[in-house]
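Asker:
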Amino acid sequence: MLAIIKQKYKINGVNVNNNSINVDNNTQIEREIEIEREIEREIETETERETENKIEMKSIYPSDHVPQKNKKLDEMMDEMDKIAFEKIVLQSQVKIYNEGLANEIIEIMKEIYINPNTKKKILKIKLENIDYALKNFSIANTRSQIQIPKAYFKKCLLSALEQTELSKQFDINTALQGDD
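Going from the sequence shown to our numbering is simple: count from 1 and add 29.
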């Protein structure tokens, strides 16, 4: 966006036909550049805040729980499904989490993948969806003890698949208007 504004600055700031400078356009463009910088600073600040407040989760289950791999899920998948699911796992980058948490999330993703009603949703999963689901899960778990963590996280993940794209939408024209 900054490159577009800078390009406007070059085009709108100088009138090529009579070599004069249009000061009104330059002032407006400088204001837009300043607003863009302010937005970038706010995003950096928010990112730093999220990094500081990030909770390092090792499991969605209570500490005394020993998760087990559900072999029935693997049996329900044919070779094509297994290949497609591996692609989903790679695309989601879930393996950046510690091994225990990653395995738990992968098992939940398998359940979502096997269900015909939710299969299409999981095909679009990204790391940001998992982060969003973990954040919502952590907030809920802090407020009260979650009785069925696997089912609750599954709902958080499905919700994240629907909500994260909407939560990141904003109108650049509204952002650039600023205070008049």
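All C-beta atoms in this analysis are idealised placements derived from N, C-alpha and C, irrespective of residue type, glycine included.
1. Considering Cα atoms alone, identify which of N132, R70, I154 and D107 is closest to Q120.
2. Could you check if P178 is buried or exposed, using at least 16 other CB atoms within 10 Å of its CB as the buried criterion?
3. Do L187 and T147 have their CB atoms nearer than 8 Å?
4. Look up T147 in the DSSP assignment and say whether it is helix, strand or coil.
5. By Cβ distance, which residues of its chain are closer than 7 Å to F182, with the 5 residues on each side in sequence left out?
6. Out of E157, A113, N99 and I112, which has the shortest C-alpha to C-alpha gap to Q122?
7. Among C185, F114 and E61, whose alpha-carbon lies nearest the alpha-carbon of D160?
8. Would I143 and M109 qualify as a contact pair, given that the criterion is a beta-carbon distance under 8 Å?
9. How about L152 and I117: are their beta carbons less than 8 Å apart?
10. Applying the criterion that 16 or more other CB atoms from any shown protein chain within 10 Å of the CB defines a buried residue, is E104 buried or exposed?
11. In this structure, how does DSSP classify I137 when only helix, strand and coil are distinguished?
12. Nearest-angstrom Cα distance between I68 and E59?
Answerer: Considering the structure as presented:
1. For this step, residue 120 is matched to residue 91 along the sequence shown. It is I154.
2. In the sequence shown, residue 178 corresponds to position 149, counting from 1. It is buried - the Cβ of P178 has at least 16 other Cβ atoms within 10 Å.
3. For the purposes of this step, residue 187 is taken as the residue at position 158 of the sequence shown. For the purposes of this step, residue 147 is taken as the residue at position 118 of the sequence shown. Closer than 8 Å, so yes.
4. For this step, residue 147 is matched to residue 118 along the sequence shown. Correct three-state label for T147: coil.
5. The sequence position of residue 182 within the sequence shown is 153, counting from 1. These residues qualify, in order along the chain: I89, I137, A162 and F166.
6. In the sequence shown, residue 122 corresponds to position 93, counting from 1. Measuring from the Cα of Q122, the nearest candidate turns out to be E157.
7. Taking the first residue of the sequence shown as 1, we reach residue 160 at position 131. Checking every option, the nearest Cα to that of D160 belongs to C185.
8. What you label residue 143 is simply residue 114 of the sequence shown in a count that begins at 1. What you label residue 109 is simply residue 80 of the sequence shown in a count that begins at 1. No.
9. Reading the sequence shown from its first residue, position 123 is the one you call residue 152. Reading the sequence shown from its first residue, position 88 is the one you call residue 117. Going by C-beta atoms, L152 is nearer than 8 Å to I117.
10. For the purposes of this step, residue 104 is taken as the residue at position 75 of the sequence shown. By the neighbour-count rule (16 or more Cβ atoms within 10 Å), E104 is not buried but exposed.
11. Against the sequence shown, residue 137 aligns to sequence position 108. The answer is helix: DSSP assigns I137 an H, G or I state.
12. Position 39 of the sequence shown, counted from the start, is the residue given in the question as residue 68. Position 30 of the sequence shown, counted from the start, is the residue given in the question as residue 59. Taking the straight line from one Cα to the other gives about 14 Å.
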